[in-house]
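Report on one structure; see the data block that follows.
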Amino acid sequence: MDFSPSQLTSVSKRLTPRWLAADKNEADITIAYSPSGKYVHYDYQHNPQRKTITLLIDGVSKQYTLRQLLPVGKRLNRLTIDGKTSPLTQETVRNNQYVVVKNIPGGKHAIVLSYK
-13 MDFSPSQLTS VSKRLTPRWL AADKNEADIT IAYSPSGKYV HYDYQHNPQR
37 KTITLLIDGV SKQYTLRQLL PVGKRLNRLT IDGKTSPLTQ ETVRNNQYVV
87 VKNIPGGKHA IVLSYK
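Using my numbering, the letters of the sequence shown map in sequence onto residues -13 to 102.
Right, here's the structure in full:
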């Protein structure tokens, strides 16, 4: 994640899972700020054999921005949110490729990214 617990009261959350850089294929993350009842949660699954990254997100936010790191040397094939193709951009940061999706509405969502 790219924010501190005190920022959980803000309108938008920026999710930047970098589990690939840590060589992890699974993560289940929740950050909560008890006084406000605000939280954000995501379940991250990378399947190298199928060349997919799946994020299940949930939380108290009006919107999300996702910045997902791609595996080294790979490029995006397709990205869906709840089964529908979504507009996105790609950016390079120090030779790392990221897929960026802005304005994901709050609530629960399944994001599936496939790469080649």
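Heads up, the beta-carbon is just placed ideally off N, CA and C, and yes, glycines get one too.
For H32, the closest C-alpha among the options I17, K24 and A7 is that of A7. Under the DSSP assignment, P91 falls in the beta strand (DSSP E) whose first and last residues are N82 to P91.
Counting along the chain, K24 sits inside the beta strand (DSSP E) bounded by residues K24 to N33. Nearest C-alpha to T75 among Y50, I67 and L62: L62. For H95, the CB contacts under 6 Å within the same chain, skipping 5 residues up- and downstream, are I43, I67 and D68 in chain order. Just so you know, the alpha carbons of G93 and Y101 end up roughly 25 Å apart.
The beta carbon of H27 lies closer than 6 Å to those of T16, D44 and G45 in the same chain, with the five residues before and after it left out. Counted as a single uninterrupted DSSP element, the beta strand (DSSP E) harbouring N63 occupies residues L62 to I67. Under DSSP, S100 shares a beta bridge with T38 and R64.
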